[in-house]
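A.B. asks:
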Amino acid sequence: MAVANGMDRGAAQLRLSRQLAGLLLAGTVLASVPAFAQEQMPADPIALTDPLALPPADGGDATPDTATTTNSVPALTDEQQDALATAADDGAVGRVGSETERLNAPESSVDGARSAFGDPYEPTGIRLGSFVLRPSVSQGIGYEKTKVGSSSTSRTFSTTGFRGSLTSDWSRHQWTIDAEGVYQRNISGVGETEPELRINSDLRLDLSGDTTANLTAGYSFERESNSDPNAIDGASAQSGVHGFTAGARVTRDFGLIRGTIGADLQREVFSSATLANGTKLVMSDRNYTEGTLTARIGYELSPALIPYLEASVGKSIYDDKRDQQGYARSSSTLGGRAGMEIDLGEKLRGDLGIGFTRATFEDSRLAAIEAVTIDGSVFWSPRRGTDLRLGLRSEIEPSTTANESGYVTYETNAELTHELRDNLVARLSGIYTWRDFSSSAGEDQYVYQIGTGLTWNLNRWLAMTGDVSYELTKQSGADDTGITRAGIGLVLRR
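Anchor point for the sequence shown: position 421 equals 420 in numbering that gives the first Met the number 0, and the numbering is continuous, going up by one each time.
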């Protein structure tokens, strides 16, 4: 009997031990599920409802509505808790969260820059700190034929060029540097090479919501054209012209009134010209420095139309008091114009003005030059992929001829570009130049230029170009000069 009672007590203790163990195990499992969820589940509550759901469009935290939806999820059953605990032990929950974050990450180019409008043929550029660099280099071969009267010459040449822009990516202010250059080398034939180099810098300072300032600087080099009135007849190489520019401009809005004041400094240095016999002709007597002050006031009829009045005063000083002919060519200029600023967005924008300019010279033997001026530029896009640029320029140019003060240059240029296909762009350009010698004894000169070309974008980094152009110079009492050019090349860009 005692043995039987002992066995009953042992069985009861065993059942009690098993029940306690079961309760302890269940409590451990139930307690570990929320703790594990707090430590391992992704912070984004969307992962609980839909692991493949996209995050908020602004990339911010979950909205209150999302949090409410998450809190309303029914409590997990025992089977679901067991499955979740098993998955947690295997690390599956953590993997789902990390994979969701990785899949939802925005894609970008290797250097972090995106092409404009997602154009697959637009270079992405290279990010350099807070700047974006967009460089390109080109290599081509060209042919040029020059006909003066009944005689003609021709040459075949190689062309190496570069172009680049460096633009800041700041929240305020902006700094842009543009540069381009061309180097030519004759392969066969005879003819003057035409090297070019231009570098321009523009720093815009946003001083306040109504005031901005621009600081500009630049350098340029080009060889004087054989058709220029100041060119040396019979020279094998014309003078090289070095140009230096600097400027400052401040613009402020006073309600509907907009005021601008600016100062510009320009200097030109002329290198020696090479004559046919190889001797050098010094041209340093043409070196000069010119300063100009400009003030403009405009009235905002609407954000798209702003008529304005502008006045300017300038002074040019030559390094040499008198040139090789004994003339003192330093001068003073005074001008004014009225115009209109137009900004209708991407379709139409520009600035056109008409005015009057007068230049007087230190030497009383040189007559003053007076001219009506028309200046401006207009951009028009009648349809997507088709752009038209129109430019007008009027400028008083000094002369190097004895007893002649100078002339007025009027230039009109236009360029039409059209996308024949996504990767094929056609160009058509024209330039008309009139050099008015009415203030001197010289004959007026007319220059006509027309050109066409194609750019075939093979991919984002490589393009093929082809161009053909013709230039005709006419002047009474002189032989007509016609220049035909054709070229083809490759452009590597980034």
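Each residue gets a CB set at the ideal place from its N, CA and C atoms; glycine is no exception.
(1) Between T250, S270, L196, Y317, which lies nearest to S178 when the distance is taken from Cα to Cα?
(2) For S468, which residues does DSSP report across the bridge?
(3) Using beta-carbon positions only, say whether L461 and L489 come within less than 8 angstroms of one another.
(4) So what does G124 bridge to, in DSSP terms?
(5) From A413 to W433, what distance separates their C-alpha atoms?
(6) Taking Y445 as the reference, which of G452, G239, I430, L453 has the closest Cα?
(7) Within its chain, find whatever has a CB closer than 7 angstroms to the CB of S505; leave out the 5 residues flanking it on each side and keep chain order.
(8) Exposed or buried, N456, counting other C-beta atoms within 10 Å across all chains shown (16 or more means buried)?
(9) Around the Cβ of Q237, are there at least 16 other Cβ atoms within 10 angstroms (buried) or fewer (exposed)?
(10) For N422 and R388, I'd like the C-alpha separation in whole angstroms.
(11) Hey, is the stretch 254-271 in contact with the stretch 288-297, meaning 3+ C-beta pairs nearer than 8 angstroms?
(12) Do the CB positions of R498 and P122 come within less than 8 angstroms of each other?
(13) By DSSP, does D284 sit in helix, in strand, or in coil?
(14) Tell me which same chain residues have a C-beta within less than 7 angstroms of the C-beta of P397, skipping the five on either side of it?
(15) Any heavy atom of the ligand SAM closer than 7 angstroms to the Cβ of T359?
(16) Leaving out five residues on either side along the sequence, give the residues of the same chain with a beta carbon under 8 angstroms from the beta carbon of L274.
(17) Determine the closest residue to S380 out of H241, L415, I353, E403, with distance taken between C-alpha atoms.
(18) Would you decide whether G163 is buried or exposed? Buried here means 16 or more other CB atoms lie within 10 Å of its CB.
(19) Give me the Cβ distance between L300 and Y326, rounded to the nearest whole Å; I'm assuming they're in contact under 8 angstroms.
(20) So the beta strand (DSSP E) H172 belongs to, where does it begin and stop?
(21) Look up I305 in the DSSP assignment and give the residues it is bridged to.
(22) Skipping 5 residues on each side, what residues in its chain have a beta carbon closer than 6 angstroms to that of H241?
(23) Do you know how far the Cα of L419 is from the Cα of E289?
(24) Find the nearest neighbour of K314 within the set L304, S331, K320, judged by alpha-carbon distance.
(25) Can you check DSSP and say which residues form a bridge with G160?
(26) Report all residues from its chain with a CB closer than 8 angstroms to the CB of G384; omit the five preceding and five following residues, and keep chain order.
(27) Taking only runs that begin and end inside the stretch 403-442, name each unbroken beta strand (DSSP E) of 3 or more residues, in chain order.
(28) Could you pull out every residue in the same chain whose Cβ sits closer than 7 angstroms to the Cβ of Q448, ignoring the five residues on either side in sequence?
(29) Report the partner residues of K146 according to the DSSP bridge assignment.
(30) Pick out the complete alpha helix (DSSP H) segments inside the stretch 251-295, 4 residues or longer, and give them in chain order.
(31) Report, in whole angstroms, the separation of the C-beta atoms of L206 and L214, which I expect to be a contact under 8 angstroms.
(32) Is R459 helix, strand or coil when you go by DSSP?
(33) Tell me the DSSP secondary structure of L491 in three-state form.
(34) Quick one: give me the first and last residue of the beta strand (DSSP E) that R382 is part of.
(35) For S475, name the three-state secondary structure that DSSP assigns.
(36) Locate the beta strand (DSSP E) running through A401, then write down its first and last residues.
C.D. replies: The relevant details are as follows:
(1) Residue identity differs from the one stated: residue 178 is Ala in this sequence, not Ser. Taking only the C-alpha atoms, the option nearest A178 is L196.
(2) G450, R484
(3) The Cβ atoms of L461 and L489 lie closer than 8 angstroms to each other.
(4) Partner(s): none; G124 has no beta bridge.
(5) 15 angstroms
(6) Here the closest residue by C-alpha is I430.
(7) Residue 505 lies beyond the range of the chain shown here (0 to 493); nothing can be said about it.
(8) buried
(9) By the 10 Å Cβ count, Q237 comes out buried.
(10) 21 angstroms
(11) Three or more beta-carbon pairs drawn from the stretch 254-271 and the stretch 288-297 are found closer than 8 angstroms, and the two stretches are therefore classed as touching.
(12) Residue 498 lies beyond the stretch modelled for the chain, which goes from 0 to 493, so this question has no answer here.
(13) helix
(14) R328, G405
(15) Judged by which ligands are present, the structure shown has none, so any question about the ligand SAM falls away.
(16) By the criterion of a C-beta distance shorter than 8 angstroms, L274 is surrounded in its chain by I231, G233, A234, S235, L280, once the five residues flanking it on both sides are discounted.
(17) L415
(18) buried
(19) Here L300 is actually not in contact with Y326; their C-beta atoms are around 47 angstroms apart, not less than 8 angstroms.
(20) Run containing H172: none; DSSP gives neither H nor E here.
(21) E340
(22) F220, V268
(23) 45 angstroms
(24) When only C-alpha atoms are compared, the closest one is S331.
(25) S137, V181
(26) H417, E418
(27) 405-420, 423-435
(28) G429, I430, S468, E470
(29) S151, G481
(30) List check, alpha helix (DSSP H) in window: nothing returned.
(31) In fact, because the Cβ distance is near 12 angstroms, the residues do not count as touching under 8 angstroms.
(32) coil
(33) strand
(34) 368-382
(35) coil
(36) Element bounds for A401: n/a, residue is neither H nor E.
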